[in-house]
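The working numbering puts the first residue of the sequence shown at 6, with every later residue one more than the last.
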Amino acid sequence: GGAPAAMPEQEVVLLDEEVDENYVPTETEIDEYAEWLGMDKETEYDLWWIAKEGLKASLPAPWKACEAGSDIFYFNSETGESVWDHPCDEHYKGLLATERQKKEEAKKSGEDPTKKKKEKKEEKEEKEE
Numbered sequence: 006g007g008a009p010a011a012m013p014e015q016e017v018v019l020l021d022e023e024v025d026e027n028y029v030p031t032e033t034e035i036d037e038y039a040e041w042l043g044m045d046k047e048t049e050y051d052l053w054w055i056a057k058e059g060l061k062a063s064l065p066a067p068w069k070a071c072e073a074g075s076d077i078f079y080f081n082s083e084t085g086e087s088v089w090d091h092p093c094d095e096h097y098k099g100l101l102a103t104e105r106q107k108k109e110e111a112k113k114s115g116e117d118p119t120k121k122k123k124e125k126k127e128e129k130e131e132k133e134e
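As structure tokens, then:
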């Protein structure tokens, strides 16, 4: 979306971001963010950690969260840029794309990462006998 324009009649409030080190997103929050990132719960639940990590991401400097009315946007104090989406969202979309590619390549080469561990374990057990 376009850059948010603060309405003259709306007061813009700079929000103090308090990072709670112990913050654990709820399943609903993770599901909603994963869906927003474009993830499919049926086929990509193994990548759900990306959404969880994304929700716990703190705002990178020089970004600040601002509130105008009931809307929250993000303002970069160095560049003067303002955006609706959390500045880390693009990073997590990119991470998702990378992980999807890794899964696709593993599938093409016939490698199932879960199978590999099992085979190694079986080989190890055979040697021990």
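Glycine included, each C-beta is placed from N, C-alpha and C at the ideal position.
Indicate the three-state DSSP secondary structure (helix, strand or coil) for residue i in the structure shown.
i, result
"Tyr28", "coil"
"Trp68", "strand"
"Asp153", "Outside the displayed span of the chain (6 to 134) sits residue 153, for which this structure offers no information."
"Asp94", "helix"
"Asp76", "strand"
"Met12", "Note on Met12: pLDDT 49, under 50, position unreliable in the model; no value is reported."
Does the Cβ-Cβ distance between residue i and residue j come in under 8 Å?
i, j, result
"Leu64", "Pro92", "yes"
"Leu100", "Ile55", "yes"
"Ile77", "Ala70", "yes"
"Lys61", "Tyr28", "yes"
"Gly59", "Tyr38", "yes"
"Leu20", "Tyr97", "no"
Given a threshold of 16 other Cβ atoms within 10 Å of its Cβ, counted over all protein chains shown, does residue i qualify as buried or as exposed?
i, result
"Trp68", "buried"
"Ser82", "exposed"
"Ser75", "exposed"
"Ser87", "buried"
Taking the C-alpha atoms as reference points, what is the distance between residue i and residue j?
i, j, result
"Glu116", "Thr48", "17 Å"
"Val18", "Glu109", "45 Å"
"Trp53", "Ala111", "18 Å"
"Val114", "Ala102", "The residue you asked about is not Val; residue 114 is Ser in the sequence shown. The straight-line gap from Cα to Cα measures roughly 18 Å."
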